[in-house]
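Student: This is the structure I have questions about; it appears just below.
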Amino acid sequence: MNVNVGRSIGGKSSRSGEILAQKLANEGISDQRVLRAIAQSPRHIFVPEILAHKAYDNTALPIGQGQTISQPYIVAKMSELILADGIPENVLEIGTGSGYQTSILAQLVTKVFSVERIKALQWQAKRRLRAMDLHNVSMKHGDGWQGWQSKGPFQAIIVTAAPSSVPEALLAQLSDGGRLVIPVGEQSQVLKLITRDGDNFHEQQIEMVRFVPLVPGDLL
Numbered sequence: 001m002n003v004n005v006g007r008s009i010g011g012k013s014s015r016s017g018e019i020l021a022q023k024l025a026n027e028g029i030s031d032q033r034v035l036r037a038i039a040q041s042p043r044h045i046f047v048p049e050i051l052a053h054k055a056y057d058n059t060a061l062p063i064g065q066g067q068t069i070s071q072p073y074i075v076a077k078m079s080e081l082i083l084a085d086g087i088p089e090n091v092l093e094i095g096t097g098s099g100y101q102t103s104i105l106a107q108l109v110t111k112v113f114s115v116e117r118i119k120a121l122q123w124q125a126k127r128r129l130r131a132m133d134l135h136n137v138s139m140k141h142g143d144g145w146q147g148w149q150s151k152g153p154f155q156a157i158i159v160t161a162a163p164s165s166v167p168e169a170l171l172a173q174l175s176d177g178g179r180l181v182i183p184v185g186e187q188s189q190v191l192k193l194i195t196r197d198g199d200n201f202h203e204q205q206i207e208m209v210r211f212v213p214l215v216p217g218d219l220l
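With full-length UniProt numbering applied, the sequence shown corresponds to residues 1 to 220, in that order.
Shown next, in the form of structure tokens:
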């Protein structure tokens, strides 16, 4: 599959991003919108400088504070899942982390609301998104288990860390027909797609994954 990507964010062609997008297409990611966003995104600015040479590998990398930047395949898969029934206007992201998943979402949907419990990571992510000229993201420092009630309901929710069970607050903040993409589990984790139909929630298991735990509370 050939990926038609155009030009990267900032107007400069990114051969590394294009190669990464092609790798993900070969791994089964088929949504051209997602592949284009991956190709146009400078992943190297979201990782520590010492790991920049690995930025376009299809692998998770440490970013400090005991957190990681997710494997590009998983970022693309989760993004693809929320677009399957159309483009949601508003997306809640739990776990801003490096801001890489945030940047992909910001290129795909109208508005992103992102919650991060570690203040230092949130500040760094905000700086990177500004550098990419992405201004449709609102950030909150807080407890991801609680979501962002005042901004809901959300047409889609993506969770980038794994709780032991699905937080009730996130289900409550999902709009009717909305999609929640979330890894769940402790020793063994599975990526789930949960779709809301009125007061009912339909759950689909996607694949086995490995994420850092979704820790309650927040840190300065």
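Positions of the beta carbon are idealized from the N, C-alpha and C atoms, including for glycine.
(1) Taking all protein chains shown into account, do 16 or more other C-beta atoms lie within 10 angstroms of the C-beta of K77, making it buried, or fewer, making it exposed?
(2) Should K140 go down as buried or exposed, given a rule of 16 or more other Cβ atoms within 10 Å for buried?
(3) Kindly list the residues whose CB is nearer than 7 Å to the CB of G217, restricted to its own chain and excluding five residues on each side of it in sequence; keep chain order.
(4) Compare the C-alpha of V159 against each of T96, I50 and G64 and name the closest.
(5) Reducing DSSP to helix, strand and coil, say where V34 ends up.
(6) How many angstroms separate the CA atom of A39 from the CA atom of E203?
(7) Which same chain residues end up closer than 6 Å to A106 when comparing Cβ atoms and leaving out the 5 residues on each side of it in sequence?
(8) Between L174, I50 and G64, which has its C-alpha nearest D199's C-alpha?
(9) Given 7 Å as the limit, tell me if G17 has its C-beta closer than that to any heavy atom belonging to the ligand ZN.
(10) Measuring CA to CA, which of L108, T59 and V47 is closest to K23?
(11) At what residue ranges does the stretch 22-96 contain a whole run of the alpha helix (DSSP H), taking only runs of 4 or more?
(12) Which partner residues does N136 have in the DSSP bridge list?
(13) Is DSSP giving Q189 helix, strand or coil here?
(14) Got a sec, what are the start and stop residues for the beta strand (DSSP E) K111 sits in?
(15) Please list, in chain order, all residues of the same chain as F46 whose beta carbon is under 7 Å from its beta carbon, the five residues on each side excluded.
(16) Since I94 and V75 should fall inside the 8 Å C-beta cutoff, what is the C-beta to C-beta distance between them, to a whole number of angstroms?
(17) Considering Cα atoms alone, identify which of G177, D197, V166 and F201 is closest to L191.
(18) Whose C-beta lies closer than 7 Å to the C-beta of A156 among residues of the same chain, with five residues either side of it excluded?
(19) Using the beta-carbon count (16 or more within 10 Å), is I19 buried or exposed?
(20) Per DSSP, I157 forms a beta bridge with which residues?
(21) Is the distance from the Cβ of P48 to the Cβ of I29 below 8 Å?
(22) On the three-state DSSP scale, how would you describe L174?
(23) With DSSP collapsed to three states, give me the class of Q107.
Tutor: Once the coordinates are examined:
(1) Counting from one through the sequence shown, the residue named residue 77 turns up at place 77. By the 10 Å Cβ count, K77 comes out buried.
(2) Stepping through the sequence shown from its first residue, residue 140 is reached at position 140. Buried, because 16 or more other Cβ atoms sit within 10 Å of the Cβ of K140.
(3) Against the sequence shown, residue 217 aligns to sequence position 217. Closer than 7 Å at Cβ, skipping near neighbours: R117 and D143.
(4) Locating residue 159 in the sequence shown gives position 159, where the first residue counts as 1. Taking only the C-alpha atoms, the option nearest V159 is T96.
(5) As a working note, residue 34 is residue 34 in the sequence shown. In the structure shown, V34 sits in a helix (DSSP, three-state: H, G or I).
(6) As a first step, residue 39 is located in the sequence shown; it is residue number 39 there, counting from the start. As a first step, residue 203 is located in the sequence shown; it is residue number 203 there, counting from the start. Between the C-alpha atoms of A39 and E203 there is a straight-line separation of about 31 Å.
(7) The count along the sequence shown starts at 1 and reaches residue 106 at position 106. For A106, where only same-chain residues beyond five positions count, the Cβ hits under 6 Å are V112, L134, N136 and V137.
(8) The residue given as residue 199 occupies position 199 in the sequence shown. The residue with the shortest Cα to Cα distance from D199 is L174.
(9) This structure lacks the ligand ZN; in fact it carries no ligand of any kind.
(10) Mapped onto the sequence shown, residue 23 falls at position 23. Ranking L108, T59 and V47 by Cα distance to K23 puts T59 first.
(11) Correct list: 32-40 and 72-83.
(12) Numbered from 1 along the sequence shown, position 136 holds the residue referred to as residue 136. For N136, which the question treats as bridged, DSSP gives no partner whatsoever.
(13) By one-based count along the sequence shown, residue 189 stands at place 189. Q189 falls in the strand class under three-state DSSP.
(14) Position 111 of the sequence shown holds residue 111. Its beta strand (DSSP E) spans residues K111 to E116.
(15) For this step, residue 46 is matched to residue 46 along the sequence shown. Excluding sequence neighbours, F46 sits near I69, S98, G99, Y100 and R128.
(16) Taking the sequence shown and counting its residues from 1, the one referred to as residue 94 is at position 94. Taking the sequence shown and counting its residues from 1, the one referred to as residue 75 is at position 75. Wrong, their Cβ atoms sit about 14 Å apart, outside the cutoff.
(17) In the sequence shown, residue 191 corresponds to position 191, counting from 1. Of G177, D197, V166 and F201, the residue nearest in Cα terms is V166.
(18) One-based indexing of the sequence shown puts residue 156 at position 156. Excluding residues up to 5 positions away in sequence, I82, P88, V91, G178 and R179 lie with their Cβ nearer than 7 Å to the Cβ of A156 in the same chain.
(19) For the purposes of this step, residue 19 is taken as the residue at position 19 of the sequence shown. With fewer than 16 other Cβ atoms from the protein chains shown falling within 10 Å of its own Cβ, I19 counts as exposed.
(20) Here residue 157 refers to the residue found at position 157 when the sequence shown is read from its first residue. In the DSSP output, where bridge partners are listed per residue, I157 has L92 and L180.
(21) Walking along the sequence shown from the start, residue 48 turns up at place 48. Walking along the sequence shown from the start, residue 29 turns up at place 29. Result no, Cβ atoms of P48 and I29 do not sit closer than 8 Å.
(22) Residue mapping note: residue 174 aligns to position 174 of the sequence shown, counting from 1. Looking at L174 - three-state DSSP - the assignment turns out to be strand.
(23) For this step, residue 107 is matched to residue 107 along the sequence shown. Note: Q107 maps to coil in three-state DSSP.
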